[in-house]
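Reading through the C-alpha cells given below for one structure.
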Amino acid sequence: MEYRKLWGTEEKVSLLGMGCMRFPTVGDTGEIDEAEAQKIVDYAYEHGVNYFDTAFMYHGGKSEGFIGRALKKYPRESYNLITKMPGWEITKPSDVERIFNLQLSRCGVDYFDFYLCHSVRENNFAFYEDNHVFEFLTEMKKQGKVRHIGFSFHDTPEVLEKVIDKYPWEFVQIQLNYLDWELQDAKRQYEIIKSRGIQCIIMEPVRGGALADLCPEANELLLQAQPDKSIASWAIRYAASLDNVLTVLSGMTSMEQVKDNVATLSAFAPLTDAERSVLGKALDIYKKKDTVPCTGCRYCMDCPFGVDIPGVFAAFNEYIIGGRKAQPFLHAYGVLERDKASAEYCKSCGKCMKLCPQAIGIPEKMRFIAGQVSELKK
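Printed below as a string of C-alpha cells:
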C-alpha cells in the first residue's frame with residue numbers, strides 16, 4: 002500500500018481510505034450485512050488500509066457502531082478512525098458535546114484520529130459557527146479525544162475560501178474526480194486548499210460508482226489502453242495522482258471492489274500524459290450522455306412522499322448509459338412504481354433540494370423522468 006505523510010507530522014496515512022457509507026446490505030432492508038462487511042474491512046486492513054471514514058448518519062446511523070466493532074480486534078494505534086459532526090442535528094450548543102460523546106460510545110473508542118464538520122455549505126456554516134463547534138473540537142484535541150480537525154465541503158470555491166480562512170483547519174475533504182474537476186470546479190477548490198498549505202482528503206473519486214462504468218464507447222477506449230485494468234481504477238488513479246492529496250476515499254460494497262482498489266494503490270503509478278489524453282476522450286464521450294449527476298449518497302432521503310430519489314435516478318441513468326433500451330428501464334422503473342416510490346409521486350416540496358450536495362434540481366428532474374416514462378409507455 003502507498004502511504005503519504007500528514008504535513009507537519011511523521012504520521013503515514015494509506016493512500017486508499019475506506020469510506021463507510023456503502024457497506025453491503027441485507028436484501029432490501031438497508032441493514033448492514035455485517036458478516037460480508039467485516040470481510041471487506043479485514044481485507045482492506047490486512048492489505049495496508051489504515052484510514053476508515055464514517056459519519057453520524059451513514060447507513061441510517063448504524064455505520065459508526067459497525068466500523069467500531071469491526072476494527073476492535075486490531076490495535077487502536079494501528080488505524081485512523083474518522084467521523085463527523087452533523088450540523089443539521091445541532092439546535093443548541095449542548096447538542097455538540099452530546100453528539101460527540103454518543104459517537105465515541107457508538108464506536109467504542111476514547112478518541113477520533115480525524116474529526117470533521119460534516120458537509121459544510123454556505124447555508125449551514127452558521128450552525129457550526131453559532132454553536133462554537135470548532136472551539137469545542139479544539140478543546141477535545143487538548144483532551145486527547147480528537148487528533149486532527151477538518152471539514153468536508155459541498156459548495157463553491159468562493160464559499161470554500163470563506164470557510165477555510167475562518168479557522169486553523171488541518172485538512173479539508175472535497176468531492177474530486179475527473180468529471181467534477183471542471184463540472185463542479187473541483188480544480189479551483191483543490192488549488193485553494195493547496196495554497197493554504199493543508200492537504201485534501203478526496204471523496205467521491207468514482208462519483209458514487211458512475212465512473213466505474215461510463216458507457217460502452219467510453220469504456221472501450223479505456224480498456225483498449227489498459228486491458229487488464231478496471232474502469233474504476235482510472236478514476237482512483239486520477240485523484241491519487243494529485244500531489245496535495247493525503248488519501249482517496251472509496252465506499253466499497255463488494256470484495257471485488259476492495260481488491261481492485263487495493264491493487265490500484267498498492268502498486269500506484271500516476272497517470273501519464275498519454276493516459277490523460279485517453280481519459281479526456283472517454284470523458285468527452287460520456288459527457289454527451291444526458292445522465293443525472295446523482296452519486297447515490299442518500300442525503301436527500303427520506304422523501305416525505307415516499308419517492309426513492311436515488312433509485313429513480315439510478316434507473317434513469319442506466320437507461321441513458323445503456324443505450325436507451327426501453328424495456329429494461331420500464332421493468333426497473335416498474336418496481337419503483339409498485340412501491341409508490343417512482344418520480345410521479347414527487348410533490349415538488351423542495352425538502353430534498355436543501356440537502357443535495359450536488360445541487361440537483363430534483364423536482365424538475367422528477368417531472369422530466371415521469372414524462373419520459375409516460376412517453377415510453379405509449
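Per the working numbering: the sequence shown = residues 2 to 379. Every residue gets a Cβ at the ideal spot worked out from N, C-alpha and C, and that includes glycine. This one's a predicted model, so the numbers in the text were calculated from it and none came from an experiment.
Shown here, R325 sits in coil according to DSSP, grouped into three states, outside any helix or strand. Per DSSP, reduced to three states, the secondary structure at H155 is coil, with no helix or strand assignment. In the three-state scheme derived from DSSP, where H, G and I count as helix and E and B as strand, G66 is classed as helix. Note on C350: under 16 other CB atoms within 10 angstroms of its CB, so exposed under the neighbour-count rule.
Around the beta carbon of P87, a 10 Å sphere encloses 16 or more other beta carbons of the protein chains shown; the residue is thus reported as buried.
For Y52, the beta-bridge partners assigned by DSSP are N81. In this structure, the beta-carbon distance from F53 to N81 falls below 8 Å.
Following the DSSP letters along the chain, one finds R99 inside the alpha helix (DSSP H) bounded by residues 94-108. Three or more pairs of CB atoms, one per stretch, sit closer than 8 Å, so the stretch 360-372 contacts the stretch 311-318.
The residues T265, in chain order, have a CB closer than 6 Å to that of S234 in the same chain once the five nearest residues on each side in sequence are set aside. Distances from the alpha-carbon of A38 to those of Q227, T26, S278, Y191 put T26 closest. Scanning A270, D181, F306 for the CA closest to the CA of C353 turns up F306. The stretch 253-335 contains, as complete alpha helix (DSSP H) runs of 4+ residues, the segments 256-267, 274-288, 310-322 (chain order).
Assignment of R148 by DSSP, reduced to helix, strand and coil, places it in the strand class. In this structure, the straight-line span from the alpha carbon of H133 to that of L223 is close to 48 Å.
In the three-state reduction of the DSSP assignment, K188 falls in the helix class, which pools H, G and I. Nearest to G252 by alpha-carbon distance, out of T296, R122, Y334, is T296. A direct Cα-Cα distance of roughly 23 Å separates I361 from E90. If you compare the alpha carbons of A236, V308, I202 with that of R299, the shortest gap goes to V308.
The Cβ-Cβ distance between S79 and M22 does not fall below 8 Å. Residue state for M58 is assigned as coil, using DSSP reduced to three classes. Using a C-beta cut-off of 8 Å, the stretch 259-273 makes no contact with the stretch 185-197, since fewer than three inter-stretch Cβ pairs fall below that distance.
In terms of Cβ geometry, F172 and H149 form a close pair [threshold 8 Å]. By the Cβ test, the stretch 162-176 is not in contact with the stretch 211-227, since fewer than three Cβ pairs between them sit closer than 8 Å.
Between Q185 and M204 the beta-carbon gap is near 12 Å, outside 8 Å, which marks them as no contact. By the beta-carbon neighbour count (other beta carbons within 10 angstroms, threshold 16), E276 is buried. Each of I322, Q190, K146 was checked against the Cα of S106, and the nearest Cα belongs to K146. A straight-line Cα-Cα distance of about 32 Å links V42 and Y129. A buried status is given to R238, since no fewer than 16 other beta-carbon atoms sit within 10 Å of its beta-carbon. Burial of P206 is indicated by the presence of at least 16 other C-beta atoms within 10 angstroms of its C-beta. Scanning its chain for C-beta atoms nearer than 8 Å, with the 5 sequence neighbours on each side dropped, one finds around V110 the residues G69, R77, L82, in chain order. Scanning its chain for C-beta atoms nearer than 7 Å, with the 5 sequence neighbours on each side dropped, one finds around A327 the residues L377, in chain order. Nearest to D96 by C-alpha distance, out of C108, F67, R122, D131, is D131. Judged by their CB atoms, V293 and Y334 are not nearer to each other than the 8 Å cut-off.
Residue pairing for V14: DSSP places it in a beta bridge opposite R5.
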